[in-house]
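Asks: Numbering (the numbering used here), first residue to last: 1497 to 1906.
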Amino acid sequence: MTRPTEPDRRRMRRFRLLALANAVTAFGSNLNMVALGLFAYQTTGSPLQTGAFMALRLGTGFVTGLFAGNTVSRIPYKTVIVGANLVQATAMLLLLMVPATGVALYVVAVLTGVAGTMAAVALRSAVPSIVGQENRVQANSLLVAGRSIALIAGFAASGIIIAGLDYLGVFAINIAAFCLAGLIVMFLNLGANQAPATERRWLASQATALRYIRDRPVVGGLIAIRTIIGIASATAGVAIPIYSSALDPQRPEAFMGQFWTVWAVGNIAMQIGVSRWARRTGRSVGTDVFIAAACVMSLASIVVFTGWALVLTLVAAAVTGAASGLAETAYQSRLQEAPDEQRGHLFGLSLTSENLGFAAGMLAAGTLLVALSPLVVVATVAVVAIVAAVGFRLSNRALSREPDRVEQPS
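1. What is the rounded straight-line gap between the Cα of Q1754 and the Cα of R1710?
2. I believe T1757 touches G1561 by the beta-carbon criterion, under 8 Å. Please report the beta-carbon distance rounded to the nearest angstrom.
3. Should the region 1672-1680 be called in touch with the region 1568-1582, which here means at least 3 C-beta pairs below 8 Å?
4. For a quick check, are the C-beta atoms of R1486 and Q1828 less than 8 Å apart?
5. Considering only their Cβ atoms, is the gap separating G1524 from F1674 smaller than 8 Å?
6. First and last residue of the alpha helix (DSSP H) that includes N1685?
7. Check whether the Cβ atoms of Q1584 and L1619 lie closer than 8 Å to each other.
8. Work out the CA separation of V1627 and T1863 for me, nearest whole Å.
9. Just the Cα atoms here: how many angstroms apart are F1801 and Y1739?
10. For A1881, which residues of its own chain have a beta-carbon under 7 Å away from its beta-carbon, when the five flanking residues on both sides are left out?
11. Can you check whether the CB of A1861 is closer than 8 Å to the CB of V1734?
12. Which same chain residues, not among the five before or five after G1821, have their C-beta less than 6 Å away from its C-beta?
13. Going by CA-CA distance only, name the one from N1670, T1539, L1743, N1631 that's closest to R1505.
14. Would the region 1519-1534 and the region 1803-1823 be scored as touching if the rule is three or more Cβ pairs under 8 Å?
15. Applying the 10 Å Cβ sphere with the 16-neighbour rule, what's the burial state of I1721?
16. In whole angstroms, give me the CA-to-CA distance for M1588 and N1892.
17. Between the Cα of R1610 and those of P1572, T1567, Q1629, spot the shortest distance and give me the residue it belongs to.
18. My output table needs one value for G1541: the three-state DSSP class, helix, strand or coil.
19. Can you check which of these residues, L1871, Y1663, I1736, T1613, is closest to M1752 by C-alpha distance?
20. Cα separation between F1786 and A1884?
21. Would you kindly report the start and end of the unbroken alpha helix (DSSP H) that includes N1581?
22. When you compare the CB positions of L1554 and A1668, do they come within less than 8 Å of one another, or not?
23. Which whole-angstrom value describes the C-beta separation of A1826 and G1782, a residue pair presumed to lie in contact below a C-beta threshold of 8 Å?
24. Determine, using beta carbons only, whether A1605 and T1521 come nearer to each other than 8 Å.
25. Can you find the residues in the same chain that come closer than 7 Å, C-beta to C-beta, to P1624, ignoring five residues on each side of it along the sequence?
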């Protein structure tokens, strides 16, 4: 058993506050994800403009990922995270002060898309610098568990707040959440100072990430598999409301609420277990864990749509959430092995790829679900993800040489 040292304990105490701030931000993001979609539709009265608003928000995150690494490598992590929260608070304030129009909504979509991506790249890049490489698995588990709790709270609170306080109340709570998260981070001594970055043009910044992937093709394969998983996850996410409506046309929200609650509980339970295991053994979760978790997640998502007894369906939902959390922790921990000067660029490229996969999954699901059942669509994409993950593992000899832990430089 590896006993944490006093410096380790201090670093983890600081990081727990950072994880709390990230959970508060995630709560605000989940709350406005529900509210802004409904608000956009009621404001414009147009499904097309509502779709354009959601697509612009996602597309902005995709584009931001291309230059986020360059920005994060030059600006302190803390500044980026605090600034991102304040930008999102400003976006919500804009909706309170300016008459609701399509233009105002598009501005909000751009601001929240940019800020959310910047904060994600900065936070993922900062983890090893804050807690040390040896504690990054515990730190990643805290982040994922916090976001899962925020998912439950945000989705559960959105309907209650909208019904009781209208959209203005939602936006006011959003502002308070983002400001609170920013204040928590502002007063934290993270102890994460990047080495001064050399001036790089945008294309040169992308080349930094690509050179790292060229030297370590395993990482490129993991990013590709993560993108395919994003397609599968987005497909399942679009299919859930349709499947819920088919199960109970009178109360479609009932199954959706049960699914996401159980999914989040499974995710949180897995993060607690992984964190304790990592603290006890001092080991990391590697590439094989990521691939195995991706396969289990894909198989369990198929079971959710089979129409079996509710108990079995909810067990499958819990397994999906647990496997999803394990895959995310393993993925982030592996990419965080990159050196400080390359990590931000790598995570920027990774988030761009993830957003691309998520957008492709939403578009594919929206098209296919018109003619096919949710089970057929979800199962097809999930099988593709499993075949890609297993095929990558079997064909890539470099994976057999992947270390279980980070080698310390001499």
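Built from N, CA and C at the ideal position, the CB exists for glycine as well.
Replies: Looking at the atomic coordinates:
1. 43 Å
2. That belief does not hold up - the Cβ atoms of T1757 and G1561 are roughly 30 Å apart, past 8 Å.
3. yes
4. The structure shown does not extend to residue 1486, since the chain spans only 1497 to 1906, so no value can be given for it.
5. yes
6. Run containing N1685: none; DSSP gives neither H nor E here.
7. no
8. 44 Å
9. 7 Å
10. I1724, I1725, A1728, A1790, S1794
11. yes
12. V1640, N1763, M1766, Q1767
13. N1631
14. no
15. buried
16. 47 Å
17. At residue 1610 the sequence reads Val, which differs from the Arg that was named. Nearest C-alpha to V1610: T1567.
18. coil
19. I1736
20. 13 Å
21. 1573-1593
22. no
23. 7 Å
24. no
25. R1632, Q1832
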